[in-house]
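Residue numbers (this note's numbering): 29 to 348.
A short worksheet on the structure shown next.
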Amino acid sequence: MSMTTARESGLKGTHFLDFSGWTSHEMNTVLALANELKQKRAKHEATPYLQGKTLGMLFDKASTRTRVSFEVGMYELGGHALFLSDQATQVGRGEPLSDTARVLSRYVHGLMVRTHAHANVEELARYASVPVINGLTDDHHPVQVLADFMTIFEQKEQLRGLTLCYVGDGNNMVHSLLQAAALAGMNIRVAVPEGYGPREDIVEQARRRALSAHSEITITHDPLLAAEGADIVYTDVWASMGQEKESAQRLDDFKGFQVNRALLDSADRDAIFMHCLPAHRGEEVSEEVLEGAQSVIFEQAENRLHAQKALLVALMGDHR
Ligand code: CP
Ligand code: NVA
């Protein structure tokens with residue numbers, strides 16, 4: 029897939045807050061471009077597609093992968109990235125997001141935002157005149173899932189028709205996985221303890237999309253049933269950022285929802301194990317599975333770089 033095709037995807041100048049506005053063609057175009065950029069990087073070929081462009085990166089929460097992959101990604105595309113924490117900017121002192129968005133739009137060509145309420149990125153997007161990228165909110169983590177789907181395609185050479193099993197908390201990761209699976213025609217089974225399910229409206233929206241893609245969405249409280257014959261087994265932490273005070277209660281409530289050898293053995297024998305990281309060994313996943321031969325966690329982490337570079341070029345690039 030060439031850069032021209034990326035431009036023709038129609039994503040230039042748009043925001044990326046979740047997958048709801050995307051078509052499967054747009055997803056495939058960005059994934060193909062990500063693959064092209066990965067190959068060029070391996071050959072040390074320069075890819076200066078964002079020369080002279082700056083990405084502002086607003087962080088209200090901690091990050092290792094997101095910060096470093098976006099920053100290195102901009103550098104490798106010939107551009108520049110600015111790390112802006114809430115504490116070091118006037119955002120932390122209460123300057124309205126509407127003003128922040130309009131001011132930063134006068135300096136930068138794109139904004140990447142990691143924050144708490146999803147409404148924050150929506151407000152920034154409403155006022156910014158440059159593309160806004162969601163780098164994780166309480167409700168969605170779409171850039172992670174973009175890299176995850178790139179990883180799945182590399183491992184399985186297809187997306188459509190596969191079955192992904194997610195075991196754990198019905199959190200931001202699940203919401204983005206549900207949206208992206210429905211888009212790609214992938215079946216998804218989500219196993220959560222009672223009271224920890226994904227948001228109903230997001231499940232319903234994904235179900236409507238899955239209908240036309242002929243894929244299935246299952247929400248259950250039975251991890252073994254969800255994992256049976258699955259091609260991918262995915263989990264994430266039981267307490268997300270901002271939920272630290274609930275950690276002890278959650279440890280109790282999520283008993284029986286650990287991805288361990290027994291659970292992985294009920295999946296397809298060639299199943300891969302995925303986790304967005306950071307992981308809590310011995311909680312949502314056993315050490316054995318995390319470090320085992322089926323685990324592709326570091327491929328996922330690496331692909332954050334390639335997938336996000338493709339996204340940046342598609343949203344912010346204007347030549348080549
Ligand atoms: N997976 C992920 O987004 O990692 P960070 O919190 O380190 O950015
Ligand atoms: N669900 C986790 C994902 C971290 C990348 C969180 O929001 O903390």
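Don't be surprised by glycine CBs; every beta carbon is placed ideally from N, CA and C.
All values derive from a computational prediction rather than experimental measurement.
Where do the N-terminal and C-terminal ends of the alpha helix (DSSP H) with residue i fall, by residue?
i	result
Arg-47	Note that residue 47 is Phe in the sequence shown, not Arg. Counting along the chain, Phe-47 falls outside any alpha helix (DSSP H), and DSSP gives it neither H nor E.
Asn-200	200–212
Ala-335	325–344
Ala-258	Segment: none, Ala-258 is in no alpha helix (DSSP H) and carries neither H nor E.
Ala-147	146–155
Kindly indicate the opening and closing residues of the beta strand (DSSP E) around residue i.
i	result
Val-9	Within the shown structure, residues of the chain are numbered from 29 to 348, placing residue 9 beyond reach of any answer.
His-108	108–113
Ala-60	Run containing Ala-60: none in the beta strand (DSSP E); it sits in the alpha helix (DSSP H), 52–70.
Met-140	138–142
Val-100	From DSSP, Val-100 is part of no beta strand (DSSP E) but of the alpha helix (DSSP H) over 93–104.
Classify residue i as helix, strand or coil using the three-state DSSP reduction.
i	result
Ile-247	strand
Phe-285	coil
Ala-303	Sequence inspection shows His at residue 303; the Ala mentioned does not correspond to that position. Correct three-state label for His-303: strand.
Thr-42	coil
Arg-237	helix
Tyr-224	coil
Gly-84	strand
Thr-191	strand
Val-131	helix
Val-171	helix
Arg-121	helix
Is residue i near the ligand CP, with its Cβ less than 7 Å from a heavy atom?
i	result
Thr-94	yes
Ser-91	yes
Gln-172	yes
Leu-205	no
Return yes when the C-beta of residue i is under 7 Å from any heavy atom of the ligand NVA, and no when it is not.
i	result
Cys-304	yes
Asp-264	yes
Met-344	no
Ser-275	no
Asn-56	no
Asn-200	yes
His-144	no
Can the beta-carbon of residue i be found closer than 8 Å to that of residue j?
i	j	result
Ala-255	Thr-246	no
Asn-200	Asp-166	yes
Val-119	Val-141	no
Val-313	Thr-263	yes
Pro-306	Gly-284	no
Gly-225	Gly-198	yes
Leu-190	Val-58	no
Ala-129	Ala-156	yes
Asn-331	Thr-179	yes
Arg-278	Ala-267	yes
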